[in-house]
Amino acid sequence: MAHQEGKVELEVVTPVKMMFRGDADMVVVPGGSGDFGVLPGHAPLQSTLRPGTVDIYKGDKVENQIFVEGGFAEVTEERCTLLAQEAQLVREVHQHDAEDRVDRARNTLEAADSFEHRKAAGRELEAAEAMLAAVKKFQESAGR
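In this note's numbering, the protein residues as written are 1 to 144.
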């Protein structure tokens, strides 16, 4: 796909596939230190990703949302590349699946018997809760 002038080229890549590639007017990314927006001509930047939603804008409206579970972001003047541990379109996540994931993560955290297990379970709970919040926000904005 050819990059359009005056747009940000977004690539979301997971270890198993190219999740998304396309142009946007703006991208809002869940950075490790907080959300950040990327517009054409953005200064070079590298950041970690935290679990959350990538908002892809066309004009002044969010056209697409992708849930990411951590990883890294690299921004140049023309491109935003997200290397995500996991990623999926928010519209494809069912609320009951996200709720089940939260319940499983809470149970795992309660049963954790070591610092390492509690730390891993805490990260999973953080990701599960972020996914559930993303799904609920998407449903509210879609009027469901």
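Each residue gets a CB set at the ideal place from its N, CA and C atoms; glycine is no exception.
- Shortest Cα-Cα distance from C80 to any of D35, V29, R101, L89 involves V29.
- Pairing R118 with E5, the inter-Cα distance amounts to about 47 Å.
- Counting along the chain, D113 sits inside no beta strand (DSSP E), nor does DSSP assign it H or E at all.
- Per DSSP, reduced to three states, the secondary structure at A43 is coil, with no helix or strand assignment.
- Residue burial annotation: D35 is exposed, with fewer than 16 other C-beta atoms found within 10 angstroms of its C-beta.
- Residues A105, T108 of the same chain have their beta carbon placed closer than 7 Å to that of E124, with the five preceding and five following residues left out of the count.
- For P30, the enclosing beta strand (DSSP E) covers residues 26 to 31.
- Rounded to the nearest whole angstrom, the C-alpha separation of F138 and Y57 is 14 Å.
- Counted as a single uninterrupted DSSP element, the stretch harbouring G59 is not any beta strand (DSSP E), since DSSP gives it neither H nor E.
- The criterion of a C-beta distance shorter than 9 Å is satisfied by F72 and T48.
- Between the alpha carbons of Q85 and E92 lies a distance of about 18 Å.
- Separation of the CB atoms of V135 and V90 is rounded to 6 Å, and the pair is thereby assigned contact status at 8 Å.
- Per the coordinates, the alpha-carbon of E116 lies some 36 Å from the alpha-carbon of N64.
- By alpha-carbon distance to E126, the top candidate from P15, R50, V38 is R50.
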